[in-house]
Amino acid sequence: MKEAIRLAKRGLGKTSPNPMVGAVVVRNGKIISKGYHKRAGEDHAEVVAIKGVKGGIKKGDILYVTLEPCNHWGRTPPCTELIIRSGIKKVVVGMRDPNPNVRGGGIEKLRKNGVEVIVGIMEEECKRLNEAYIKYVTAGIPYVISKTAITLDGFIATGSGDSKWISNEPSRRYVQRLRYMVDAVMVGIGTVLKDNPLLNIRYRKDKEIVRVILDTHLSIPKDCRIMNTPYPTIIFTGEDTPSSLIEEREKEHVRIYKIPILDGLLDIREVLKRLGKLSITSLLLEGGSRLLGSFFKYGLIDKCYIFLAPKLLGGSDGIPFAQGRGARYINDCIILKGITIKRFDDDILIVGYPQYRG
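If you count by the working numbering, then the sequence shown holds residues 14 to 371, one letter each, in order.
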């Protein structure tokens, strides 16, 4: 199962809206064939592994797969049918598929056809592998990841708004990897006006992520780079934005949607629902402190990447990590669980899962 998980990770950033899945076929205690799901529309991991067995499946062969085999027609035929036809009589599954339209169906189908199925091997590791997929198919909204670079005294920019660069070059290269992992990257209009970003994946040409902009009054400049580079772009604006202005701004690669206003800002819960309907399964927040504060306010961030740079503003006039009303008491603070730590030269990356309290 460890090998199946390792294989599944090769599909990172490529399989959405499908999960990452790895599979191996074992004969007499040795792996004789391997497979993983490369991208949506191509063969599933089980199919690749079974087809890769030279001379065909023999009695006693065992299939290990990180996720419950599918039992429905999608872009590809049901994996259960091939497993049954192949003659495999034992399947070891890492975790059940949480998709309400799939859950349990593959396992039941196999068992009804005389296949022994063992479920729950390295289950937590398999769930962590597909945490974005699990969130999307159970909640219908994207898995939200925040990325922030801060000084040791907690600021993302100076009082003048200067933030280039708090993190170092190795850290910024790693951020490009984060972009590759997700379906979309989000910023607010303030970031667009200040930085004129491109929001693409600079070191890879085999994937385009969707750029998502929150722009309450649709003030995005016509001549900014986002409006003039042919990458898929979604802009959310307020319900009172004139339709004529939307028609003026929309392009072949730019789609604009109206969203309700809540407390003077776009209702980000409605934004996430709309992104879910557009098959965006994972979202990377790269906006400023107001955007981050809004997502924390409603408990909508699932995972945090915080880059700590060995720098101090040395004052109190900088732009903080997040804006808005925070916890009144320390016991009500958001706690990061499942912490992992990486180092990029002198920068320290803390990765964790927010646990909301109070």
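The C-beta atom is built at its ideal place from N, Cα and C for all residues, glycine as well.
None of the values given here were measured: they were computed from a predicted structure.
Take Cys346, set aside five residues on each side of it, and the residues of its chain with a beta-carbon closer than 6 Å to its own are Ala340, in chain order. Per the C-alpha coordinates, the member of Asp175, Lys72 and Gly167 positioned closest to Val128 is Lys72. The beta carbon of Val105 is closer than 6 Å to those of Tyr77, Ile131 and Ile134 in its chain, skipping five residues each way along the sequence. In the three-state reduction of the DSSP assignment, Pro183 falls in the helix class. Val198 and Leu212 do touch by the CB rule: their CB atoms are close to 5 Å apart, below 8 Å.
Per the C-alpha coordinates, the member of His266, Ile314 and Pro183 positioned closest to Ile154 is Ile314. Of all alpha-carbon atoms in Phe308, Arg370, Gly277 and Gly331, the one lying nearest the alpha-carbon of Asn344 is that of Arg370. Ile363 and Ile332 have their C-alpha atoms spaced approximately 20 Å apart. Taking every protein chain shown into account, the CB of Lys122 has 16 or more other CB atoms within 10 angstroms, so this residue is buried.
Counting other Cβ atoms within 10 Å of its Cβ, Ala152 stays below 16 and is therefore classed as exposed.
A straight line joining the alpha-carbon of Val34 with that of Asn241 spans about 37 Å. In the three-state DSSP reduction, Leu123 falls in the helix class (H, G or I). Sorting Gly118, Pro210 and Arg190 by C-alpha distance to the C-alpha of Leu25 places Arg190 at the top. Within the same chain, and ignoring the five residues on either side of Pro273 in sequence, the residues whose Cβ sits closer than 7 Å to its Cβ are Glu252, Asp280 and Glu283. If you ignore the 5 residues before and after Ile18, its C-beta comes within less than 8 Å of the C-beta of Gly35, Thr79, Gly107, Met135, Glu138, Cys139 and Leu142, all in its own chain and listed in chain order. Within the same chain, Cβ atoms closer than 6 Å to the Cβ of Arg268 are found at Ile247, the five residues on either side in sequence being excluded. Beta bridge pairing from DSSP links Pro367 with Leu349. Just measuring C-alpha positions, the residue of Ala322, Lys310 and Ile352 sitting nearest Lys316 is Ile352. As the crow flies, the alpha-carbon of Ser257 is around 23 Å from that of Tyr244. At a Cβ-Cβ threshold of 8 Å, Ala62 and Gly48 count as neighbours. With fewer than 16 other Cβ atoms inside 10 Å of its own Cβ, Leu165 counts as exposed. Pairing Ser292 with Pro30, the inter-Cα distance amounts to about 7 Å. Annotation: Glu129 is outside any alpha helix (DSSP H); the continuous beta strand (DSSP E) that includes it extends over Glu129 to Val132. Taking C-alpha positions only, Met14 is separated from Phe249 by approximately 42 Å. It is roughly 8 Å from the alpha-carbon of Leu288 to the alpha-carbon of Thr294.
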